[in-house]
Amino acid sequence: MDQLPIIDISPLYSDDENAWPGVAEQIDLACREWGFFYIKGHPISAQRIDAVLDHTQRFFALPTAEKLKIDITQTRHHRGYGAIATEQLDPSKPSDLKETFDMGLHLPANHPDVLAEKPLRGPNRHPSQPGWEALMEQHYLDMQALAQTLLRAMTIALNIERDFFDSRFIDPVSVLRMIHYPPRHTASSAEQQGAGAHTDYGCITLLYQDSAGGLQVKNVKGQWIDAPPIDGTFVVNLGDMMARWSNDRYRSTPHRVISPLGVDRYSMPFFAEPHPDTRIECLPGCQDAQHPAKYPTTTCAEFLLSRFADTYAYRREQEAV
Ligand SMILES: O=C(O)CCC(=O)C(=O)O
Ligand SMILES: [Fe+2]
1 MDQLPIIDIS PLYSDDENAW PGVAEQIDLA CREWGFFYIK GHPISAQRID AVLDHTQRFF
61 ALPTAEKLKI DITQTRHHRG YGAIATEQLD PSKPSDLKET FDMGLHLPAN HPDVLAEKPL
121 RGPNRHPSQP GWEALMEQHY LDMQALAQTL LRAMTIALNI ERDFFDSRFI DPVSVLRMIH
181 YPPRHTASSA EQQGAGAHTD YGCITLLYQD SAGGLQVKNV KGQWIDAPPI DGTFVVNLGD
241 MMARWSNDRY RSTPHRVISP LGVDRYSMPF FAEPHPDTRI ECLPGCQDAQ HPAKYPTTTC
301 AEFLLSRFAD TYAYRREQEA V
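Sequential numbering from 1 applies to the sequence shown in the UniProt record's numbering.
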């Protein structure tokens, strides 16, 4: 158990539905044993990743005052730039050494959810870099489609209707995030992590990481193992909402990022989450007389908001005042 599985998902893009169960089985096994795996054979092109990465690097290289024009802490609905130390994923460690950009499904100011000031709902706040907005909005949609293809494959092993997740991922609260980890300069600052040990909150995360390395995953024996960058892949992992939805059939596995010494690191997780009102109650295929439902029903928004409150140092400070 020291190497994450690599799954070729290209059969999911063939017209032959008979090609699906083989991939679905591999995904199911990886979700149960690891909660983490790599995918290859997906439709996101290397050119797309290069373009998104290039924009991301140029954005983070801007002066802080420029980036803070879209400060995430000034929004009600969690969009824009998060400066270094805004987050603290592991409360026993210093705040994370990373800066972030978050975007979600763009809802205009006159959308009913925005008028009703529903949490997590609203317009995106993009930097003014020419070309950024159209590229990132398209990339968001393509990552959402990829996540839903994986979820559709998961319905086979979970023994639920094929469109179970599709119908719940309409107008989702998924988040596309760009992260810059500045380099760590001395070995003695190892306490200072890029991203402290944590589990993800939501359903399923698809992570692009550049070539710097530093992502580590806890295996079932409790050992930290490296999840090194592999060209052309995404690292996929499940979050707490999926663990709960699946009655712990699927694992939400702790992971962390050790910032590499002397080099910058860039990564782009896509956190796929359903519509905010989705009821998160034990999936029909995940309970029986021996395995009764363990968790009370919640909603996607309720669950995510309770978890966000734990992570944001600035929100804790605001609440303490
Ligand atoms: O940057 C990475 O490689 C992982 C980031 C992560 O785990 C997260 O943002 O939840
Ligand atoms: Fe994570």
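Quick reminder that beta carbons are idealized off the backbone N, C-alpha and C, glycines included.
Residue i to residue j span [Cα, whole Å]
| i | j | result |
| --- | --- | --- |
| Gln138 | Gln74 | 25 Å |
| Glu319 | Glu161 | Confidence at Glu319 is low in this model, with a pLDDT of 42, below 50, so its placement is unreliable and no value can be given for it. |
| Val321 | Ala309 | Reliability of the predicted coordinates at Val321 is poor, the pLDDT of 35 falling under 50, and the value obtained from them is presented with this limitation in mind. Each residue's alpha carbon lies about 15 Å from the other. |
| Arg307 | Arg168 | 20 Å |
| Ile6 | Gln148 | 19 Å |
| Leu141 | Thr278 | 20 Å |
| Met136 | Leu305 | 24 Å |
| Arg315 | Phe270 | Because Arg315 sits at a pLDDT of 46, beneath the cut-off of 50, its placement in the model cannot be relied upon, and the point is left open. |
| Ser128 | Leu238 | 33 Å |
| Arg32 | Leu158 | 11 Å |
| Asp264 | Ala212 | 7 Å |
| Trp132 | Phe234 | 22 Å |
| Gly122 | Leu62 | 25 Å |
| Asp288 | Leu53 | 46 Å |
| Asp8 | Val23 | 8 Å |
| Lys67 | Tyr295 | 41 Å |
| Ala19 | Ala227 | 28 Å |
| Asp2 | Ala109 | 48 Å |
| Leu12 | Ile170 | 21 Å |
| Pro91 | Asp16 | 48 Å |
| Arg58 | Ala134 | 16 Å |
| Thr299 | Pro21 | 30 Å |
| Ala65 | Ile49 | 27 Å |
| Lys93 | Glu87 | 11 Å |
| Glu25 | Gln290 | 23 Å |
| Thr297 | Pro130 | 44 Å |
| Ser10 | Asp166 | 19 Å |
| Ser14 | Ile225 | 34 Å |
Beta-carbon proximity of residue i to residue j, cut-off 8 Å
| i | j | result |
| --- | --- | --- |
| Pro182 | Gln144 | no |
| Phe60 | His180 | yes |
| Gly196 | Leu107 | no |
| Ile84 | Leu97 | yes |
| Met241 | Phe303 | yes |
| Leu146 | Leu206 | yes |
| Gln216 | Pro229 | no |
| Gly194 | Ser259 | yes |
| Ala46 | Gly232 | yes |
| Val236 | Leu176 | no |
Residue from the options with nearest C-alpha to residue i
| i | options | result |
| --- | --- | --- |
| Trp34 | Ile49, Val23, Leu4 and Glu17 | Leu4 |
| His198 | Val257, Tyr250 and Ala293 | Val257 |
| Gln223 | Pro91, Thr205 and His255 | His255 |
| Ile156 | Gly82, Ile27, Leu146 and Pro296 | Ile27 |
| Ala293 | Thr253, Ser252, Val263 and Ala243 | Ala243 |
| Pro70 | Pro63, Tyr81 and Thr64 | Residue 70 is actually Ile in this sequence, not Pro. Cα-wise, what sits closest to Ile70 is Tyr81. |
| Ala153 | Tyr208, Leu176, Gly213 and Leu29 | Leu29 |
| Asn124 | Gly131, Asp102 and Pro130 | Asp102 |
| Met178 | His55, Tyr13 and Val235 | His55 |
| Thr100 | Ser267, Thr297, Leu238 and Glu17 | Ser267 |
| Thr186 | Ala301, Pro91 and Gly262 | Gly262 |
| residue 362 | His126, Glu133 and Ser174 | Any property of residue 362 remains undetermined from this structure, which presents the chain solely from 1 to 321. |
| Lys218 | Gln209, Val23 and Arg251 | Arg251 |
| Val220 | Pro21, Thr253 and Thr64 | Thr253 |
| Arg184 | Gly214, Pro296 and Leu176 | Gly214 |
| Ile72 | Pro130, His126, Asp16 and Thr299 | His126 |
(message) Please give the ranges of any beta strand (DSSP E) in the stretch 112 to 189, keeping only runs that are unbroken, at least 3 residues long and fully inside the region.
(response) Segments of the beta strand (DSSP E) lying fully in the stretch 112 to 189: 175 to 181.
(message) Assess contact between the stretch 106 to 122 and the stretch 36 to 45, defined as three or more Cβ pairs (one per stretch) separated by less than 8 Å. Is contact present?
(response) The stretch 106 to 122, when compared against the stretch 36 to 45, does not touch it at the 8 Å Cβ threshold.
(message) Quick check: the stretch 68 to 87 against the stretch 116 to 136, are at least 3 beta-carbon pairs closer than 8 Å?
(response) Between the stretch 116 to 136 and the stretch 68 to 87, the count of C-beta pairs closer than 8 Å reaches three or more; the two stretches touch.
(request) Give a yes or no on contact between the stretch 278 to 286 and the stretch 246 to 265, applying the rule of three or more CB pairs nearer than 8 Å. (result) Result yes; three or more Cβ-Cβ pairs closer than 8 Å.
(request) Just list the beta strand (DSSP E) runs in the stretch 66 to 113, keeping only unbroken ones of 3 residues or longer that don't cross its boundaries, in chain order. (result) 80 to 82 and 99 to 103, all fully within the stretch 66 to 113.
(message) Assess contact between the stretch 199 to 213 and the stretch 259 to 275, defined as three or more Cβ pairs (one per stretch) separated by less than 8 Å. Is contact present?
(response) Contact between the stretch 199 to 213 and the stretch 259 to 275 is present, because at least three Cβ pairs lie under 8 Å.
(message) So within the stretch 284 to 313, which uninterrupted alpha helix (DSSP H) runs reach at least 4 residues, ignoring any that extend past its ends?
(response) Here the runs fully enclosed are 300 to 311.
(request) Go through the stretch 232 to 261 residue by residue and report every complete run of the alpha helix (DSSP H) that reaches 4 residues or more, in order. (result) For the stretch 232 to 261, the full-length alpha helix (DSSP H) segments reaching 4 residues or more read 240 to 245 along the chain.
(request) Just list the beta strand (DSSP E) runs in the stretch 190 to 223, keeping only unbroken ones of 3 residues or longer that don't cross its boundaries, in chain order. (result) Counting only runs of 3 or more, we get 195 to 198, 204 to 209 and 215 to 218.
(message) Ignoring anything shorter than 3 residues, give me the beta strand (DSSP E) runs that lie fully in the stretch 13 to 48, in order along the chain.
(response) With a minimum length of 3 residues, the continuous beta strand (DSSP E) runs that stay inside the stretch 13 to 48 are 36 to 40.
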